[in-house]
Structure formats: C-alpha cells, structure tokens
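Beneath this line is the structure, given in structure tokens, with notes to follow.
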Amino acid sequence: MVEQLPKNVRELIIAFTVFFSILAAGLYITKLSNDNFLSSQRLLLSGISRSKASNIERRISYSFTSVRVLAHEVKRAGGTLPDFEDYARNISRSIEGVASLNLAPNGVITQVYPLETSRIALGINVMKDPKYREAATHSIKTKNMITVGPVPLRQGGVAVIGRYPIFMEDEHGEESFWGFSTALVRLDTLLKDSGFDQLESEGYSFRLTREHSDTHEPLEIYRSKADLEHDVVATSQIKLPSTTWTLTLSLSAQQAIYGRSVNGALISFLVALGFSIALYSILLQPRRLKEQVINKTKELQELAHGDPLTGLPNRRYLNERVPSLIQHIIKHKKLGAFIYFDLDNFKSINDSIGHDIGDEVLTQVAARLKNVVGDTGKVIRLGGDEFGILLESAKDEQSILKMADTILDSVQYTLKIRQREFRLSTSLGIAYIPQHGSKVLSLMQNADMALYQAKRKGRNRYEVFTEGMRLCTVELNQGRITLERGIQNSQIELYYQPQFDLASKSIVSAEVLIRWNHPRRGLLFPDSFISTAEETGLIVALGNYVIEKTFQYQAKRMAQGMPPMCLHINVSPIHVNDPHLLDFVKKMIYLYQVPGDLIGLEITETVLVEDLNQAVKVLCAIKALGVRIAIDDFGTGFSSLSQLKNLPVDILKIDRSFVKDIEHDQNDRMIVEAIIAMAHKLNIEVIAEGIETPEQMQMLEGYCCDTGQGYLVSKAVREPEFSRMDLDIRGKVINAFGIENKALYSNAR
1 MVEQLPKNVR ELIIAFTVFF SILAAGLYIT KLSNDNFLSS QRLLLSGISR
51 SKASNIERRI SYSFTSVRVL AHEVKRAGGT LPDFEDYARN ISRSIEGVAS
101 LNLAPNGVIT QVYPLETSRI ALGINVMKDP KYREAATHSI KTKNMITVGP
151 VPLRQGGVAV IGRYPIFMED EHGEESFWGF STALVRLDTL LKDSGFDQLE
201 SEGYSFRLTR EHSDTHEPLE IYRSKADLEH DVVATSQIKL PSTTWTLTLS
251 LSAQQAIYGR SVNGALISFL VALGFSIALY SILLQPRRLK EQVINKTKEL
301 QELAHGDPLT GLPNRRYLNE RVPSLIQHII KHKKLGAFIY FDLDNFKSIN
351 DSIGHDIGDE VLTQVAARLK NVVGDTGKVI RLGGDEFGIL LESAKDEQSI
401 LKMADTILDS VQYTLKIRQR EFRLSTSLGI AYIPQHGSKV LSLMQNADMA
451 LYQAKRKGRN RYEVFTEGMR LCTVELNQGR ITLERGIQNS QIELYYQPQF
501 DLASKSIVSA EVLIRWNHPR RGLLFPDSFI STAEETGLIV ALGNYVIEKT
551 FQYQAKRMAQ GMPPMCLHIN VSPIHVNDPH LLDFVKKMIY LYQVPGDLIG
601 LEITETVLVE DLNQAVKVLC AIKALGVRIA IDDFGTGFSS LSQLKNLPVD
651 ILKIDRSFVK DIEHDQNDRM IVEAIIAMAH KLNIEVIAEG IETPEQMQML
701 EGYCCDTGQG YLVSKAVREP EFSRMDLDIR GKVINAFGIE NKALYSNAR
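Numbering (full-length UniProt numbering), first residue to last: 1 to 749.
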C-alpha cells in the first residue's frame, strides 16, 4: 500500500483540482440563479401591482359615475327630486360598488339612500364640516368632481366619497351653485372584492397611500396586517378625481433565496464530488485494461451465435441450432412451443428518448425473459425488439399458456432506467410443436399469424395458432385484391367539405374526403376500408390516388377561372414514411402545373409519436414545395409543444370532440382557447372541426379561431356540388337555423 501511494498522488491532485473547480463554478451559477430569481419576482410583483391598481381605479371611477347620473336627474327635475329614493335605488342597482347616495342642497345633506343605514348623515353641512369644507370649496371653485377620503363614516366603516357640484342655469343662462350629489364607496369592501385579502394570505404585504395636499407627505389609507418587506417592492399609481393614490406591494424573498442557496451549494458539492470520483476512477482504469481485453476476447468468441447487446442467442442461432432442438422434441415425443412477440411502441422510445435508453430497455427485458423461462427453453433475440422463445419440454398445453401469462406479466412490470420509469406491453403468438409445424419457417409463420390476431384483439394478450387464422389471412388478402381493383377502376370518389373563414364568413379552403363506390356494397365510408389498406400495404397507392385526383381537380378549377382555394388531403402515417412521397408530390406539381400552396397535407399526431425525425425530414421537404402542412385532430394524441415548435406546421385542426361541448363544458372551452392562443404564438393557423351551431361559431370567433369546418355550413359533397357552392356563407347559416338567429349571428361577426 505504501508503494502504491506515490503512484496515486498525481491522480489525487487532478481529482481535487476538478472538485474545487466544479464546486466554485456551481456556487457562481447559484448566485446568478438567485439574481435572476429576484428579477423575475420583481417583474411579477410589478405586474400584480399594476393589475390591482388598475382594478381599484376602474371600480372607484365606475362607482363615481353614479353622482353624475344623480346630478343629471336633479338638473332635469329643476332642482327638486321628490322621487329621490327610487332614482337612487335604480342607480345603486345599475352601478356596482355604490354603498350610499345623497343630495346636499347648498351643502346640507337632506336626502340619503338607503335611509336605514345612512340616516345618521342627514343634516351634515359639508360646507362647514372641517373634514369636508376645504374639498367642497375646491369642488365648487373648479366645478369638478372631487375625491374625499377615505374617511370614517358616522354610520360605521370607512368610505371613499365622490362629490360632484351641481350648478343650475337661470333663464339668462347664468349658472348658480345648487348643491352636491354624493356617492359613498366602502373602501374595505372594495379592497376585499379586489382580492387584497387573498394577496395577504399568499404572503404579500401592501400599503395604500395618498399625498397630503399641504405637506405632500404620504398619508396611509389602508395597509395589510404585516409590514412592508424590502426584498421585492413594486408601486403603482391610482388616478382618481382631484387626487392620486399610490399602491405599494412587497414580498419577502429571504426564505426562498436561502433555500435556493442551500440547494445550489449541495448540488454543486455532490456534482463536484461525483465528477472527481469518476475522474479518479478513470485515471486508474489502465490497470484494468488487460482483464477487459481478456473478457472481450471471450465475448467475441460467443458472438457467432449470441446477441452482443442482450447476451441472448441470435437469429443465426435460430436458423442453425434450433432445427436440431425441434427434431429432438419430435423424436422424444415431447410437447414444445414457439412463442413469437415484439414490444409494443418500442420504436417511440428509441425516437423520442434515445437509442441508448432503448438498448437498456431491451437488456432488462431480455434478463427478465431469461429468468422467467429458465431451463425450460431458449430465449432468442431475432432483431430489434423481436423475440422468440422455444419451450423444449412442456408438461401440457395448460403449462404453456401459464408460461405465456408469466411472460406478459414480466414484460408489463415497470422498468426503472436512469431515473425514468417505463411500462411496456406485448402480445404473444404461440405455435405448438409438432401440431403446428416441425420446421423453423412454418412455426414462425404460424406464430406470426397468431401474434397478428392478438394485436387485433387489443394487445397485451396471447393467441394460439388455429387454422382459422390462416383463413383470416386469406380474407385479408381478398380484401386487398378488391380494394386494389377499386383504386384501378376509379371507384374511390372524392368529396369536399368546405372550410370557412370565421371573420369574413366566406369559404376559403376544403378538406378532401373519400368514399368507395363499391359495386356490390354501395357507398362505403373510409372506416370500412382504410384499415384493410394499411394492413395490406395499399395505403400508399390509395394516398397517391387521392393526391393525384386532387391535383386534377385543382387544375380544372384553374382552367375554369374559379377562385383559388387550398384543398387539404389526409395522409396516413405509413404514407408519410414512404420514401417516394416527396418525389410523387413534386411530380404532381410539375405535371398539373398547380402551385404547391393550393394543396395541404393533413397528418395525425400518431406520425409524431411513431417516427418524429423521419416525419420532420419529409414534411420539411414537402413544405419547401409550398405545400401547407396541418396536424389533424390536435389535442387527442401525444405530441408535445417541444415537438410542435420544431415541425414545419402551418395549421392545427382542433378535434371535433372539443368543439362539440364547448357551449357547456368549461374544460373544453379552456382547452380550445389555450390551443388557439398557443398556435397563434407560434404563427400557426387554427381550424376548428365539427362546428354545428351558430353559438359554437360565435364562441370560436371570440377566441380568435381562424377557420371553421362542420355541418353548420355543409357536409362533405361531391365535386359538382362543391364547385357550385357560394363562397359567402352568411345567408346559408341564417337560413339554416331560422330568422331568430340573425341577431346572434350579427354579434358573431
């Protein structure tokens, strides 16, 4: 040990140097973070202060309009107002915040409302009362409203008084002072309604002051129970008739700064310690290289039939070694099984989180499978996330199914990798040996058909191969042939549903939808044949057919001099990942001489989940041609804002499920409003689907939604009817829903 110490001194010095360097950098970053925190708190407090001051100013000013209304009634009545109580009652009900109204002819209060709570004010001469005299004289002199107070009321409480001088004109047009109309606004009630109690409960301190007219010193009007703090302070002005108040808000940040400093120092220490220990270990690594080289040599010798990532047998092992194992099962009349499966949505883990995490997921899954199967069989990694399990000696079929349940449970159990949790699932296809095959190829084919059926029935389950599955495969193939013939014979028809500008109420674009005019089954909607197209690989041919037909129609519209209008085509996620899609769109633009901006492609959020990088690459290239890109049914999938901001998206389409209940469901309204605001921040246009009522249209227009689509204007129609459609939809909406909706629709505009 004594001999080794000098050899480690250099490594220790380097490690300690790195430790103190990282620690110092971490403490400096903590200081910068605290400074930024204080700045953000000041900015937040300033915004709150301005908002609260504006609210107080608006409420008091609005309440003070009552004195002008009362003064107008006095003038109109010629100086006498026998129905004062009725007028005052109506004014108090119409103008929020007024606690009391009174009239003071020649300065003496003679009429008050409400009488039961304000009777004590009767007889007060505001021209002589020391509290009111100076302000009243100033009001008469300037002929302007004045703000008095806050003052304690004889009837109890504190109020802000708005006093307005009334002048009457004689027959010669000369004005003479008549008296005052006065409104009282309870300050304590106003501040409570303005949320100051809540501010205080959230830890804010505040003070409301006004400037003394003589000394110009600040006079305190109202304050919180707690004193003002000096860490973060913000002030705002409240401008009232004849005076200005000042609102001061403060917030203590000492505790937060202390906590952030402690956390920053602790994190800096731990990071520095971790890095220095890791570095020290790395510097000592050369001693261990010889052992690693020996171990690596052994691993390379096993790679011929082993998977380097998981340590499981690989596909080569399946092809070269498993046939003899199958023959051994058959020869000794044992019951075996081949189980084939892959991991659901594993591709999204690789694309969204990284292949390194994906590799760790595969490694842990492989370890679990190996532990579950044990000595009863072989776990084989066939490639990617595909696995096969050969059970060599099963007691009976029930034991095989029990093993299948155990495999499902083990895969589904939560994985924890790098502070992340993953919950996987899978489906299993099972083929018995020898009932379902005696060759590797036939067993894999049959197990694959069983796997397909398990996924069709909902995933996270197993299915045992049956001959009926082979028949299903035949039926699927027959469906492919029929659909392929339908595409070739132009049985697929295009329908167009108009999309209308919510501001101008005119049709500006349309969504292209398809129907299959089946020779035997009649008109079929997409949900009856799209799945067949996707499962059989015809979805690309179908998509290309729709794209070309749309280009043909656009060329026809241009030749006939019809107004330019963008037509949006739905594109399957499979089609987006087709390497020939970009070249096909280029070919259509060149062949039909249609500008790219008259064509739009609508994709679902599924594209973003399945292969984000490929989707971004393809969509960017298509957008460069001028084609508009839209995300369909936004809000129902799994895309995030971090993905959205990096996508070449022009349009978001809000799913009809949010629009349907927008009139009654506050959550849907909030979601729709948030999507629109977020999209506009990113300069993305918004289309709302499923608009069926004028009320929905009015609300969406109020949220600044750009475009709408739905049965309110039109369902999807064939080309001739769409070509004849009037671009101005105002009359159509009114006629469709009755003359009584004209006023509502007028407001919506």
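Ideal Cβ placement from N, Cα and C applies to all residues, glycine included.
About 5 Å separates the Cβ atoms of H568 and E602, confirming a contact at the 8 Å cut-off.
In this structure, the straight-line span from the alpha carbon of L382 to that of R315 is close to 5 Å.
Sequence-distant partners of W516 (beyond 5 residues in either direction) whose C-beta falls short of 7 Å from its own C-beta, in its chain, are G486, Q491, I492, L524, F529.
When C-beta atoms of the segment 653-666 are compared with those of the segment 687-696, three or more pairs fall below 8 Å, so the two segments count as touching. Shown here for S181: same chain residues with a beta carbon closer than 7 Å to its own, the five before and five after excluded, namely V67, L70, A71, V74, L103, Y164, I166 in chain order.
Per DSSP, S224 lies in no alpha helix (DSSP H) and is assigned neither H nor E. Following the DSSP letters along the chain, one finds N544 inside the alpha helix (DSSP H) bounded by residues 539-559. The distance from the Cβ of E392 to that of G336 is about 6 Å, consistent with a contact at the 8 Å cut-off.
When G377, V649, L513, K402 are compared, the shortest CA-CA separation from E463 is found for K402. Under the three-state reduction of DSSP output, R520 falls in the coil class, being neither helix nor strand.
The C-beta separation of A99 from A159 comes to about 6 Å, placing the pair in contact by the 8 Å criterion.
When T310, R186, K31, P130 are compared, the shortest CA-CA separation from I60 is found for R186.
Between V372 and I339, the C-beta spacing is not below 8 Å. With respect to the C-alpha of D227, the residue from H680, I547, G203, T147 having the closest C-alpha is G203. At least 8 Å separates the beta-carbon of D409 from that of G429. In this structure, the beta-carbon distance from V512 to L483 does not fall below 8 Å. Comparing C-alpha distances from G537 to each of A559, A503, H575 shows the shortest one belongs to H575. According to the DSSP assignment, S714 belongs to no beta strand (DSSP E), since it is labelled neither H nor E.
The criterion of a C-beta distance shorter than 8 Å is not satisfied by G157 and D129.
Proximity of the segment 468-478 to the segment 444-458 meets the contact definition, three or more beta-carbon pairs being nearer than 8 Å. Less than 8 Å separates the beta-carbon of L309 from that of D359.
Counting along the chain, D342 sits inside the beta strand (DSSP E) bounded by residues 335-343. In the DSSP assignment, G306 is bridged to P313. With at least 16 other beta carbons inside 10 angstroms of its own, L443 counts as buried.
Going by beta carbons, I22 and A272 fall inside the 8 Å limit.
Around S723, the same chain offers no residue with a beta carbon nearer than 6 Å, after the five sequence neighbours per side are excluded. Contact check for F64 against M145 passes: the beta carbons are separated by less than 8 Å.
P564 sits close to L598, with the two beta carbons spaced by under 8 Å.
Per DSSP, reduced to three states, the secondary structure at P165 is strand.
DSSP places P152 in the strand class (E or B) of the three-state scheme.
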